[in-house]
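Trainee: Once you've had a glance at the structure underneath, I'll fire off some questions.
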Amino acid sequence: MPESKPLSQAARIRAALLQQIDGGLLRPGGRLPSERALAELFATTRITLKEALGVLEAEGRVYREERRGWFLAFPRLEYAPLYGNHFQRMADAQQRAAETRLLSVETVLASPELCRALAVPPLSSLWKICRQRSLDGRVALYVEHFLRPERFPDIQELDLSQSLTGLYRRHYGIEYAAAAFDILPAAAQGRVAQALMLAEGSPVLLVRRVNRDAAGETLDCDYEYWRHDAVRLRVDSPAAVAAN
12 MPESKPLSQA ARIRAALLQQ IDGGLLRPGG RLPSERALAE LFATTRITLK EALGVLEAEG
72 RVYREERRGW FLAFPRLEYA PLYGNHFQRM ADAQQRAAET RLLSVETVLA SPELCRALAV
132 PPLSSLWKIC RQRSLDGRVA LYVEHFLRPE RFPDIQELDL SQSLTGLYRR HYGIEYAAAA
192 FDILPAAAQG RVAQALMLAE GSPVLLVRRV NRDAAGETLD CDYEYWRHDA VRLRVDSPAA
252 VAAN
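Okay, so the sequence shown: first residue is 12 according to our numbering, each after it adds one.
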């Protein structure tokens, strides 16, 4: 039987940190020592240390905030798109502390992609609402909401840090009935990187959602930019499909 290959130094560092995390010595939300201090602790280079931390980040055990350092991650939020749960409801159901911060609200010219997604003519104006959303004190999500203004007059006067789903229901008598999702990897650029406290070009998970009412009319289009280490997507196939 061939001998097992010895672990690399980065793998040994990962294993040592993981042992501290799983043993409860390093707790979610806590900050790790600086990269320089960790490199000295493990008698290694910062390049090797970053390799180990990068693996832990991909596994959702640690995360990095630009100019702030490395932190211990809370469990990923489970996101089940087919069930239509909004952010606050998902967080409440999983006993997570959620917070939403309004960044801006303005009217913008619909891009060709948004014209197609929302079935509006060229040169149409849309509401654009930008929000930053946090879980357990950690920024996890940046969202750009594009709304058809004729469906939501004077929405800028409302408290947009609340659930938009609830505002639609209470102030406009509108309920979501169906949604279409596009889910793909993306890179954080510009405002997305700034809002998520990531370096330019960092990987994110983009969820584009187009929402419709009971009559099949489009309501809005959301671009959700998730920190990839903060979310876990879950999709249950219909029983008829699963049986085939």
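Here a beta-carbon is modelled for each residue, glycine too, at the ideal position from N, C-alpha and C. Bear in mind the structure is a predicted one, so any value in this text is a computation, not a measurement.
Grouping DSSP H, G and I as helix and E and B as strand, with all else coil, what is Val252?
Mentor: Because Val252 sits at a pLDDT of 42, beneath the cut-off of 50, its placement in the model cannot be relied upon, and the following sentence gives the value as read from the coordinates. Helix, per DSSP.
Trainee: In terms of DSSP beta bridges, what is Cys141 paired with?
Mentor: Ser115, Glu155
Trainee: Taking Cβ to Cβ, would you say Tyr153 is nearer than 8 Å to Val203?
Mentor: yes
Trainee: How long is the line joining the alpha carbons of Arg42 and Arg159, rounded to whole angstroms?
Mentor: 42 Å
Trainee: On the three-state DSSP scale, how would you describe Ile185?
Mentor: coil
Trainee: Under 8 Å between the Cβ atoms of Leu195 and Leu169?
Mentor: no
Trainee: Based on the DSSP output, what are the partners of Asp233 in its beta bridges?
Mentor: His156, Arg220
Trainee: In the DSSP output, which residue or residues are listed as bridge partners for Glu260?
Mentor: Here the chain comprises residues numbered 12 to 255, so residue 260 is not present and cannot be evaluated.
Trainee: Cutting at 7 Å between CB atoms, please list the residues of its own chain near Ile32, excluding the five before and the five after it.
Mentor: Arg72, Leu83.
Trainee: Report the residue ranges of all alpha helix (DSSP H) runs contained in full by the stretch 56–97; include only those spanning at least 4 residues, in chain order.
Mentor: 57–69
Trainee: Taking 8 Å as the threshold, find out whether the stretch 207–222 comes into contact with the stretch 171–191 through three or more Cβ pairs.
Mentor: yes
Trainee: Ignoring anything shorter than 4 residues or poking outside the stretch 21–54, list the alpha helix (DSSP H) runs there in chain order.
Mentor: 46–52
Trainee: For my contact list, Gly40 and Gly148 are in at a C-beta cut-off of 8 Å; report their separation, rounded to the angstrom.
Mentor: With a beta-carbon spacing of about 6 Å, Gly40 and Gly148 fall inside the 8 Å limit used to define contacts.
Trainee: I believe Ile140 touches Leu171 by the beta-carbon criterion, under 8 Å. Please report the beta-carbon distance rounded to the nearest angstrom.
Mentor: 6 Å
Trainee: Quick check: the Cα distance between Leu125 and Phe163, rounded to an integer number of angstroms?
Mentor: Distance from the CA atom of Leu125 to the CA atom of Phe163, rounded to whole angstroms, is 17 Å.
Trainee: Run through DSSP, which three-state label would Ala197 get?
Mentor: strand
Trainee: Between the stretch 74–94 and the stretch 41–56, are three or more C-beta pairs nearer than 8 Å?
Mentor: Cβ pair count under 8 Å is three or more, so yes.
Trainee: Note down, in chain order, each residue of its chain lying with its Cβ closer than 8 Å to the Cβ of Val150, except the 5 sequence neighbours on either side.
Mentor: Within the same chain, Val150 has close Cβ partners Glu76, Gln143, Arg144, Ala206, Leu207, Met208, Arg238.
Trainee: For Ala27, is the classification buried or exposed, using 16 other Cβ atoms within 10 angstroms of its Cβ as the cut-off for buried?
Mentor: exposed
Trainee: In angstroms with no decimal places, state the Cα-to-Cα distance between Ala130 and Leu113.
Mentor: 26 Å
Trainee: If you count every other CB in all the chains shown that lies within 10 Å of the CB of Leu230, and 16 or more means buried, which is it?
Mentor: buried
Trainee: For the putative contact between Val242 and Leu36, defined by C-beta atoms under 8 Å, what is the C-beta separation to the nearest angstrom?
Mentor: Not confirmed; about 26 Å, so no contact.
Trainee: Determine the direct distance from the alpha carbon of Glu161 to that of Ala21, and round the result to whole angstroms.
Mentor: The C-alpha of Ala21 lies about 56 Å from the C-alpha of Glu161.
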